[in-house]
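*Asks:* Numbering of the sequence shown is given in the UniProt record's numbering, commencing with residue 1 and proceeding in unit increments. All C-beta atoms, glycine included, are put in the ideal place defined by N, C-alpha and C. These figures come from a predicted structure and were not determined experimentally. The structure is given below, and queries will be raised subsequently.
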Amino acid sequence: MTIEIALVLGIALVAVLLFATEKLRIDAVALLVLSGLAILALVNPEQALSGFSNQATITVAAMFVLAAGLQNSGALSGIGRLLSQARSPFLFLLTLFGVLAVVAPFVNNTAVVAVFMPIVMTATASIGMSASKALIPLSYVSQMAGVCTLVGTSTNLLVNAMAKDLGHPGFTMFEFTPLGVICFFAGCFYLLTLGRWLLPRTRATELVEHYELGKYITELRVMPDSSLIGSSVGEAKLGEEFGVYVLELIRGDEKVWSPRSQVLEEGDVLIARGDWSKLDELKNRTGLEINSEFQLRQRTLEEGTQQVLTEVMIAPRSRLIGGSLGVLDRRWQHNATVLAVHRRGEVLRKQLKEVRLNVGDVLLMLMPESEMPALRQDANVIVLSQRDHDRPMGWRAPFALITMIMVIAISAIGWAPIAITALVGAVAMTLAGCLDADEVYDAIDWRIIILLAGLLPLGVAMSQSGAAEFVVANTLGLVSDFGPLVVLAVLYLMALLLTEFMSNAAAAVILTPIGMSTAKLMGVDPTPFLIAVTFAASTSFATPVGYQTNTMVYSAGGYRFVDFIKVGLPLNLIFWVLGVIFIPIFWPF
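Right, dumping it as structure tokens:
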């Protein structure tokens with residue numbers, strides 16, 4: 001092992017640990033990787049900055065804009081009505097899968113899930129179906145359909161770009177389609193049969209649009225006329241009677257973490273957890289009020305203003321990520337009061353103004369009904385529990401559809417690279433008014449762009465330093481005597497496991513040069529190994545953290561971590577078996 005190999009592998013290992021532990025944002029990790037490679041002269045300045053001008057980076061950014069143009073123009077507005085016409089849960093899922101099969105191969109699947117989540121939640125409520133039976137399938141099927149084309153996921157584009165840099169001719173628009181279609185139908189059959197019964201069923205409530213609101217954290221202040229004054233938290237039996245649990249009591253500057261024996265006084269603030277309907281009942285019956293410090297802005301509401309209760313989820317590309325509710329007023333443009341916060345997999349024990357928002361957090365808000373249209377247009381959040389109004393179609397809807405079709409068709413027949421056609425399409429949609437110029441920047445998930453640009457030099461460093469060959473010799477090389485099929489199976493499994501616990505883009509960057517080096521070692525075509533990396537890194541089913549779409553539905557569906565393992569692990573195994581069988585058939589060694 002040379003010192004260059006040791007340094008590259010050390011940087012890669014640190015990156016894997018940071019991605020897996022989520023101690024830093026993914027884009028920050030990518031920039032640290034880029035900086036480390038450049039400072040240690042493991043790549044030259046041109047190679048270090050090449051990711052920012054790479055076709056994959058440009059294409060992904062343009063595809064985000066195209067997806068926003070489709071949404072804003074109203075081109076997808078009829079989907080909700082179509083899904084609501086289903087008369088049974090089975091037909092609903094069948095219709096949903098059919099729609100995703102048409103849309104997801106050509107629109108980034110993160111954007112697809114962001115658009116479809118409110119539609120699916122509204123439609124399931126209208127047919128009396130639990131949303132938890134549809135949201136995991138929404139995430140999974142969007143991934144399965146996205147891997148069918150070159151532009152369906154950013155991972156496909158990333159592997160293609162890296163492969164070209166390493167000497168491979170690259171992939172065509174529909175090169176992944178034969179295997180993608182087989183996996184898609186197999187996955188849909190599984191979700192409609194065994195997977196359907198493995199999915200949990202959460203009981204809906206009558207609140208708002210009959211959506212399951214889950215367990216919220218809020219702050220309740222003890223008012224002068226409260227019946228709880230003089231009683232301890234334990235004596236009040238809030239858990240037994242109301243299903244509300246006090247996590248912390250705040251009295252001035254004092255914080256009590258286990259307040260069961262604490263006698264309540266006027267002005268005490270209780271950080272409480274429970275269903276919102278129960279929290280509201282407790283508040284009304286015992287003389288408590290939502291803590292006034294938990295209002296985003298001081299305002300006087302006009303008398304007679306119709307107020308609505310709505311749920312919003314922090315979107316993957318939201319500017320609010322990492323910010324606390326205490327400073328949200330500086331970033332928030334809506335006249336809203338946040339009442340409670342819901343975060344799956346974690347019990348919040350901080351004062352709510354100190355809570356830093358993450359992707360997938362759900363905020364329960366009270367706001368004027370007149371401001372709901374503006375909230376639905378906000379790319380920072382996904383409105384979950386208010387029925388979206390139909391957008392006027394006009395001429396921009398068919399224009400957006402035709403533009404997207406032209407982008408894909410021109411690239412597919414080879415008249416122009418996808419980076420150019422996507423960029424031209426994004427400009428055309430902007431000039432046509434499908435989205436405003438300012439909305440273009442909001443539509444792009446800049447963390448993904450920085451992630452791609454920052455990690456691409458790592459693949460270059462692994463290849464030219466010999467780190468990829470070293471890893472192959474000490475891992476896949478140990479099973480090379482069993483033939484390329486066994487090596488393919490092991491590589492697919494490595495990619496699958498890495499993707500479940502870290503960024504799928506990072507897993508692809510690390511494993512693509514390893515796939516190329518494996519083919520070189522064995523003297524075979526690298527294409528089958530690259531296909532295996534692409535499919536494994538683009539489809540993550542077994543954890544809610546392995547893929548952004550899983551994280552998005554995790555909170556909205558009221559799922560537990562184990563639900564993803566129970567439903568997703570068999571699906572991962574199905575894809576692995578199908579990949580090992582069919583990849584050598586479509587792409588011989």
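Quick one: what's got a C-beta closer than 6 Å to Ala134's C-beta in the same chain, skipping five residues either side?
*Replies:* Here the set comprises Val120 and Thr124.
*Asks:* Can you give me the C-alpha to C-alpha distance between Gly459 and Val222, rounded to a whole angstrom?
*Replies:* 58 Å
*Asks:* If you count every other CB in all the chains shown that lies within 10 Å of the CB of Leu83, and 16 or more means buried, which is it?
*Replies:* buried
*Asks:* Does the distance between the C-beta of Gly483 and the nearest non-hydrogen atom of the ligand SAH fall short of 7 Å?
*Replies:* Of the ligands one can find in the structure shown there are none, so the ligand SAH has no counterpart to examine.
*Asks:* What residue from Ile581, Leu150, Leu220 and Ala315 has the CA that sits closest to Tyr492's CA?
*Replies:* Ile581
*Asks:* Can you tell me whether Glu469 is buried or exposed? The criterion is at least 16 other CB atoms within 10 Å of its CB, across all chains shown.
*Replies:* Under a 10 Å Cβ-count criterion, Glu469 is classified as buried, with 16 or more other Cβ atoms of the shown protein chains found around its own Cβ.
*Asks:* Excluding the five sequence neighbours on either side, which residues of its own chain have a C-beta within less than 8 Å of the C-beta of Cys188, listed in chain order?
*Replies:* Phe97, Val141 and Met144
*Asks:* Measure from the alpha carbon of Thr421 to the alpha carbon of each residue in Asp442, Leu66, Gly546 and Val103, then state which is nearest.
*Replies:* Taking each of Asp442, Leu66, Gly546 and Val103 in turn and checking the Cα distance to Thr421, the smallest one comes out for Leu66.
*Asks:* When you compare each of Leu40, Gln71 and Asn44 to residue 630 by their alpha carbons, which one comes out closest?
*Replies:* Shown here, the chain extends from 1 to 589; a query on residue 630 therefore has no answer.
*Asks:* Does the separation of the CB atoms of Ala379 and His334 fall below 8 Å?
*Replies:* no
*Asks:* Taking one C-beta from the region 442 to 451 and one from the region 484 to 499 each time, how about it: are there three or more such pairs within less than 8 Å?
*Replies:* no
*Asks:* Among Val567, Pro544 and Leu247, whose alpha-carbon lies nearest the alpha-carbon of Ala556?
*Replies:* Pro544
*Asks:* Am I right that Glu254 and Pro224 are in contact with their C-beta atoms under 8 Å? What's the rounded C-beta distance?
*Replies:* Actually they do not touch by this definition, with Cβ atoms about 20 Å apart.
*Asks:* Since Gly195 is in the alpha helix (DSSP H), which residue starts that stretch and which ends it?
*Replies:* Note, Gly195: alpha helix (DSSP H), Leu194 to Leu198.
*Asks:* Can you list, in chain order, the residues of its chain whose CB lies under 6 Å from that of Ile3, leaving out five sequence neighbours each side?
*Replies:* Excluding residues up to 5 positions away in sequence, nothing lies with its Cβ nearer than 6 Å to the Cβ of Ile3 in the same chain.
*Asks:* Suppose contacts are defined by Cβ-Cβ distances below 8 Å. Is Glu281 in contact with Phe242 by that definition?
*Replies:* yes
*Asks:* Along the chain, where does the alpha helix (DSSP H) containing Met129 start, and where does it finish?
*Replies:* Taken as a continuous stretch (DSSP letters only), Met129 belongs to no alpha helix (DSSP H), as it is neither H nor E.
*Asks:* Compare the C-alpha of Leu40 against each of Ala6, Ala340 and Gln55 and name the closest.
*Replies:* Ala6
*Asks:* Specify the secondary structure class of Glu281 as computed by DSSP and reduced to three states.
*Replies:* helix
*Asks:* Please classify Ala236: is it buried, with 16 or more other beta-carbons within 10 angstroms of its beta-carbon, or exposed?
*Replies:* buried
*Asks:* Would a C-beta distance cut-off of 8 Å place Phe176 and Thr218 closer than the cut-off?
*Replies:* no
*Asks:* Using the rule of at least 16 other Cβ atoms within 10 Å of the residue's Cβ for burial, across every protein chain shown, is Ala419 buried or exposed?
*Replies:* buried
*Asks:* Where do the N-terminal and C-terminal ends of the alpha helix (DSSP H) with Glu46 fall, by residue?
*Replies:* Pro45 to Leu49
*Asks:* Please state whether the Cβ-Cβ distance between Gly515 and Phe529 is less than 8 Å.
*Replies:* Result yes, Cβ atoms of Gly515 and Phe529 sit closer than 8 Å.
*Asks:* Expressed to the nearest angstrom, what Euclidean distance is found between the alpha-carbon atoms of Trp415 and Gly170?
*Replies:* 16 Å
*Asks:* May I have the straight-line CA-CA distance separating Leu573 from Leu497, to the nearest angstrom?
*Replies:* 11 Å
*Asks:* Please report the Cβ distance between Leu384 and Ala336, rounded to the nearest whole angstrom; I am assuming they are in contact, meaning their Cβ atoms lie under 8 Å.
*Replies:* Contact flag wrong, Cβ pair sits at about 14 Å.
*Asks:* I need the boundaries of the beta strand (DSSP E) containing Glu265, first residue and last residue.
*Replies:* Where Glu265 is concerned, there is no enclosing beta strand (DSSP E), given that its DSSP letter is neither H nor E.
*Asks:* Between the alpha carbons of Val147 and Ala38, how many angstroms are there, rounded?
*Replies:* 32 Å
*Asks:* When burial is assigned at 16 or more other CB atoms within 10 Å of the CB, is residue 625 buried or exposed?
*Replies:* Nothing in the structure corresponds to residue 625, since the chain is present only between 1 and 589.
*Asks:* Counting along the chain, where does the alpha helix (DSSP H) carrying Thr403 start and finish?
*Replies:* Arg396 to Ala412
*Asks:* Beta-carbon separation of Ala542 and Gly523 under 8 Å?
*Replies:* no
*Asks:* Residues bridged to Glu248 by DSSP?
*Replies:* Ile271
*Asks:* Put Ile290 into one of helix, strand or coil per three-state DSSP.
*Replies:* strand
*Asks:* Once DSSP output is grouped into helix, strand and coil, what is the label at Glu439?
*Replies:* If DSSP states are grouped into helix, strand and coil, Glu439 belongs with the helices.
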